[in-house]
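Number of protein chains: 2
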Amino acid sequence: METAVSEWQRHAQDALAHAGYRSSGPRNAVVEALAELGCSVTAKEIADLLDEQGRAVGLASVYRALDLLDRLRLVQRFDVGEGTARYEPAHPGGEHHHHLVCQSCGNVSAFEDQGLERAIEKLSRRVDYSIDAHDVTLRGECPACHARG
Amino acid sequence: METAVSEWQRHAQDALAHAGYRSSGPRNAVVEALAELGCSVTAKEIADLLDEQGRAVGLASVYRALDLLDRLRLVQRFDVGEGTARYEPAHPGGEHHHHLVCQSCGNVSAFEDQGLERAIEKLSRRVDYSIDAHDVTLRGECPACHARG
DNA sequence: GTGAATGCAAACTCTTTGCATGACT
DNA sequence: AGTCATGCAAAGAGTTTGCATTCAC
């Protein structure tokens with residue numbers, strides 16, 4: 111749904127303004143790039159996209175923007191074990207997904223699963239930590255690599 | 111159980127020998143350190159332990175050993191999002207646990223949950239990837255930090 | 001003796017920080 | 001005007017790699 115992305119973009123920009131942050135070209139560009147690229151992107155991918163679009167933003171500023179968005183919980187930061195942080199828009203409703211990582215080609219895709227969420231919720235009540243987030247990564251071979259042998 | 115660790119140590123050393131790798135002091139020391147430290151250690155923690163024990167191993171060799179052990183699936187490499195890889199002995203039976211990370215103090219602890227494993231197993235059959243591993247990280251506040259406010 | 005494993009240092013990648021410059025309110 | 005945000009370049013952290021040396025088989 112095209113709407114969801116721009117919805118997130120508006121939401122994020124509102125939240126930034128509300129929190130007292132100034133509206134600036136570079137930061138807005140990062141928000142836009144996130145909305146455009148969607149799920150599972152790296153800081154460099156964002157910088158590269160903006161570069162191609164002729165509105166380059168310094169990598170440091172991309173990191174600063176992502177860090178801020180993460181602190182405001184407007185993006186979800188995660189990491190599938192390549193030593194590079196990945197980011198994606200965090201939807202206010204709390205609905206979220208998890209990731210499948212292809213061990214051959216490195217491709218990352220997303221899935222949702224209610225059974226999993228329920229199991230995690232139940233489990234969260236059982237452990238002695240007070241849980242407020244979780245993430246799950248499944249590793250294997252994507253259909254393309256599997257076909258290829 | 112004390113036995114399980116040395117069992118893993120023996121298993122790992124056997125597996126290395128079987129795979130045609132030479133037995134060497136430094137690599138054996140890394141295996142021992144892993145057995146001793148157990149769950150969720152970093153390369154540096156291993157190097158530091160060996161250092162204290164007066165049998166220092168170069169950090170590069172620790173990484174090389176860990177990399178090899180990981181390829182032979184004798185250790186599990188994971189990452190809780192601090193930008194540092196963590197390792198732990200992988201038990202041959204396949205039994206494994208997941209991690210709780212304290213967002214205040216960074217402490218990492220382990221848990222097991224059958225309900226979660228079942229949910230993941232069911233889910234694995236549903237997705238189009240062929241899954242062969244998974245990991246789950248729960249984030250929150252550990253009891254100590256929670257008490258502290 | 002031969003080739004693998006090691007140690008050290010240099011290289012690399014990703015990320016963060018210091019500081020002067022420029023932009024929003 | 002007064003900050004906050006940016007860009008650049010330098011600094012940092014973690015990890016990998018090149019190469020000469022040492023050690024296992």
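These protein sequence lines are chains A and B, in that order.
Heads up: the first sequence runs through residues 111 to 259, numbered per our numbering.
Heads up: the second sequence runs through residues 111 to 259, numbered per our numbering.
Glycine included, each C-beta is placed from N, C-alpha and C at the ideal position.
Quick caveat: nothing in here was measured; it's all calculated off a predicted structure.
- With respect to chain A, the C-beta atom of I156 (chain B) has no partner C-beta closer than 7 Å.
- Counting every other CB atom within 10 Å of its CB across the protein chains shown gives E142 (chain B) a total of 16 or more, marking it as buried.
- One alpha carbon belongs to V167 (chain B), the other to A157 (chain B), and they sit about 6 Å apart.
- For the stretch 217-249 of chain B, the residues whose beta carbon sits under 7 Å from a beta carbon of chain A are, in order, F221, D223, G225, L226, A229, I230, K232, L233, S234, V237, D238, Y239, S240, I241, D242, A243, H244, D245, V246, T247, L248, R249.
- Around the CB of C252 (chain A), 16 or more other CB atoms lie within 10 Å, so the residue is classed as buried.
- If you ignore the 5 residues before and after S171 (chain B), its C-beta comes within less than 7 Å of the C-beta of P136, all in its own chain and listed in chain order.
- Rounded to the nearest whole angstrom, the CA to CA distance from H128 (chain B) to L176 (chain B) is 17 Å.
- When secondary structure is reduced to three states using DSSP, G250 (chain A) falls in the strand class.
- Close to chain B, meaning a Cβ-Cβ distance shorter than 8 Å, are the following residues of the stretch 167-200 of chain A: R187, F188, D189, G191, G193, A195.
- Sequence-distant partners of T152 (chain A) (beyond 5 residues in either direction) whose C-beta falls short of 8 Å from its own C-beta, in its chain, are T194, A195, R196, Y197.
- Its chain contains R183, L184, V185, Q186 as the residues whose beta carbon lies nearer than 7 Å to that of A200 (chain A), once the 5 sequence neighbours on both sides are disregarded; these appear in chain order.
- Here V218 (chain B) is near H209 (chain B), since their CB atoms are less than 7 Å apart.
- From the beta-carbon of E162 (chain B), no residue of chain A is found nearer than 7 Å; the closest lies around 27 Å away.
- Bridge pairing for R187 (chain A): A:Y197 [DSSP].
- Against chain A, a Cβ distance below 7 Å from H256 (chain B) picks out S240.
- Sequence-distant partners of S116 (chain B) (beyond 5 residues in either direction) whose C-beta falls short of 7 Å from its own C-beta, in its chain, are A145.
- Judged by their CB atoms, C149 (chain A) and C212 (chain A) are not nearer to each other than the 7 Å cut-off.
- Nearest Cα to R181 (chain A) within the set A:T247, A:I241, A:A125, A:S240: A:A125.
- The beta carbons of G250 (chain A) and I241 (chain B) sit about 4 Å from each other, so the pair counts as a contact at 8 Å.
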